[in-house]
Amino acid sequence: MNMKKNLLAFLYHAMLAAGITGYTLAAEDTLPSLIVAPFSGDTTAIQYWQPALGQGLSEMLITEMGKLNKFQVLESTQLGTLMDEIKLGEDGWVQQDEKVEKGGFAAADFMLTAKVTRFGNKQTKVGLGGFVPGSLGNLGLKQTTADVRIDWRLVDAATRKIIKTGSATAAQKGTGFDVGVNVTGHGGGIGFDNKEFMDSALGKATVTALNQITEDVRAFSLPESGRRKQKANAASQQAAAAQAAAQAARATPGKVLAVAGKDAVIVSLGSKLGFKVGDKLDLYETVDIKDASGAVVFSEEKLIGEVILQTVQADRSKASYSGNAEVKPGWVVKAK
Numbered sequence: 001m002n003m004k005k006n007l008l009a010f011l012y013h014a015m016l017a018a019g020i021t022g023y024t025l026a027a028e029d030t031l032p033s034l035i036v037a038p039f040s041g042d043t044t045a046i047q048y049w050q051p052a053l054g055q056g057l058s059e060m061l062i063t064e065m066g067k068l069n070k071f072q073v074l075e076s077t078q079l080g081t082l083m084d085e086i087k088l089g090e091d092g093w094v095q096q097d098e099k100v101e102k103g104g105f106a107a108a109d110f111m112l113t114a115k116v117t118r119f120g121n122k123q124t125k126v127g128l129g130g131f132v133p134g135s136l137g138n139l140g141l142k143q144t145t146a147d148v149r150i151d152w153r154l155v156d157a158a159t160r161k162i163i164k165t166g167s168a169t170a171a172q173k174g175t176g177f178d179v180g181v182n183v184t185g186h187g188g189g190i191g192f193d194n195k196e197f198m199d200s201a202l203g204k205a206t207v208t209a210l211n212q213i214t215e216d217v218r219a220f221s222l223p224e225s226g227r228r229k230q231k232a233n234a235a236s237q238q239a240a241a242a243q244a245a246a247q248a249a250r251a252t253p254g255k256v257l258a259v260a261g262k263d264a265v266i267v268s269l270g271s272k273l274g275f276k277v278g279d280k281l282d283l284y285e286t287v288d289i290k291d292a293s294g295a296v297v298f299s300e301e302k303l304i305g306e307v308i309l310q311t312v313q314a315d316r317s318k319a320s321y322s323g324n325a326e327v328k329p330g331w332v333v334k335a336k
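The opening residue of the sequence shown carries number 1 in our numbering; numbering runs sequentially from there.
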C-alpha cells in the first residue's frame with residue numbers, strides 16, 4: 001500500500017514538473033465562466049417546496065455542468081463559507097501571507113437559473129387478484145409515479161439578456177421518496193450521494209430531467225458573453241489611447257543638441273518617445289527674424305534634409321547626416 005502511495009505521489013509531482021497541470025489550468029481559463037443559481041419552486045404546485053430543495057437540485061446540476069468542459073463552473077451555493085474564509089484573514093486569524101484576499105473571486109459570464117414546476121410522487125394502488133374479497137382487507141401493491149418538470153434559462157450575466165430557454169420533463173415509476181421527511185435545510189437528501197433518493201422514482205426522474213438540461217446546454221452554441229465584450233472593448237480603447245499617445249509623443253519636435261560630425265548629430269528625441277535605431281527624422285534649419293534691438297520676432301523652419309538614428313537612449317539619440325549643409329545646434333528635428 002505504501003509503495004502504491006509513493007508511486008502515485010511520484011507520478012503526480014512528475015506531472016507538475018512537466019507542466020501538465022499548468023496547461024490544464026491555462027486551458028480552463030479560456031472557457032466562459034458559469035454560475036448555477038439555486039432553483040426556485042412553484043409553491044402553488046409544490047406545497048412542500050423549501051429552499052433546501054432548490055439548493056440540492058442546483059448542486060446536482062453544477063456537477064453535470066462541470067463535466068461538459070464547456071464552462072469554468074464557479075461556486076454559487078457555498079459563497080457564505082468562502083466569505084467566512086476571507087473574514088478569518090481580515091480578522092487576523094490567518095497569517096498575512098497566507099490569507100485569502102477580498103476581490104479575488106472570478107466573475108461570471110453566464111448564469112443558469114431554473115424553476116421547478118412539478119416535483120413529486122403520485123401513488124396508485126393495484127389490487128392483488130385471486131383473493132377472496134374482504135379476507136385480507138385492502139391488500140394490494142402501491143405503485144409510485146414520480147413527475148418532474150424544470151423550466152430553465154441561460155442568462156448573460158453582464159447584460160441580463162436571456163440567450164437560451166428550455167423545459168425538461170420526466171416521469172418514472174418505482175419506489176417512493178418522501179421529500180418532506182428526507183430534506184433538511186442544507187440540500188438534504190436531494191443529491192447524487194443519497195442512494196435512497198437516487199434509487200427512487202423521483203430520483204430517477206430528476207436525473208433524467210437534469211440530463212435533458214445538460215444535453216440542451218451541451219448542444220447550444222454559446223455567443224461571446226457581454227462581460228468578455230466589455231473587457232475586449234476596454235482593452236481596445238486602452239490600446240487605441242496608448243497608440244494615440246505614442247503617435248502624439250512621436251510628433252513632438254526635438255532639437256539638435258550638439259554636432260561632433262556628420263555621424264554624431266545629437267538630438268533630443270529618444271526611446272521614451274517611441275524612437276528606435278533606424279528611424280529617419282526630418283531636419284529643419286531654424287531661421288529667426290529679429291527686430292532692430294536684436295529680439296527674435298518671428299521664426300520659421302526650412303527643411304534641409306534628414307538624419308538617421310544610429311544610437312538611441314531614453315531621452316536623446318545620436319544620428320547621422322549625409323547632406324551638404326552645416327548642421328548647427330538649435331536646429332529642429334521631427335518624425336517623418
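Yeah, the Cβ is synthetic: ideal placement off N, Cα and C, and Gly gets one too. Note that the coordinates shown come from a computational prediction; the quantities given were computed from them, not determined experimentally.
Cross-strand partners of A209 (DSSP beta bridge): Per DSSP, none; premise fails for A209.
Drop a sphere of 10 angstroms on the beta-carbon of P38, count the other beta-carbons inside from all chains shown, and report buried for 16 or more, exposed for fewer. buried
Hey, out of L112, E326, T165, whose CA is closest to M60's CA? L112
Close beta carbons around G274, own chain, < 6 Å, minus the five adjacent residues each side: A246, A249, R250
Would you give the residue range spanned by the alpha helix (DSSP H) that T81 belongs to? 79-90
Return the chain-ordered list of same chain residues with a C-beta closer than 6 Å to the C-beta of L88, the five sequence neighbours on each side being excluded. V94
Is the number of C-beta pairs between the segment 280-288 and the segment 297-310 that are closer than 8 Å three or more? yes
Chain-order list of residues whose beta-carbon lies under 8 Å from that of A108 (same chain, five-residue window excluded): S33, L34, I35, L74, A157, R227
On a Cα-Cα basis, can you pick out the residue from F119, G103, E101 that is closest to T44? F119
What is the DSSP secondary structure of K99, reduced to helix, strand or coil? coil
Nearest to G104 (by Cα), restricted to the options V277, N121, L79: L79
By Cβ distance below 6 Å, which residues in the same chain neighbour D279 in space, the five residues on each side in sequence not counted? L309
Please report the distance separating the alpha-carbon of V259 from that of I266. 6 Å
Residues bridged to D151 by DSSP? K115, S167
Have a look at G54 and Q143 and give me their C-alpha separation to the nearest angstrom. 26 Å
Taking its Cβ as the centre, do 16 or more other Cβ atoms sit within 10 Å of S322, making it buried, or is it exposed? exposed
Among A292, I163, K255, K328, which one has its Cα closest to the Cα of S317? K255
Contact under 9 Å by Cβ, R149 with A170: yes
Residues bridged to F298 (per DSSP): I289
Who are the near neighbours of A146 in its chain, counting only those whose CB is closer than 6 Å to its CB and skipping five residues on each side? N121, Q172, A201, L202, A205
Does V207 come within less than 9 Å of chain D when only Cβ atoms are used? In the structure shown, chain D cannot be found, because there is only a single protein chain.
Which residues in the same chain have their Cβ closer than 7 Å to the Cβ of K272, if we skip the five residues on either side of it in sequence? A314, D315
Nearest-angstrom Cα distance between A52 and G189? 9 Å
Taking only three categories from DSSP, how would you classify I35? strand
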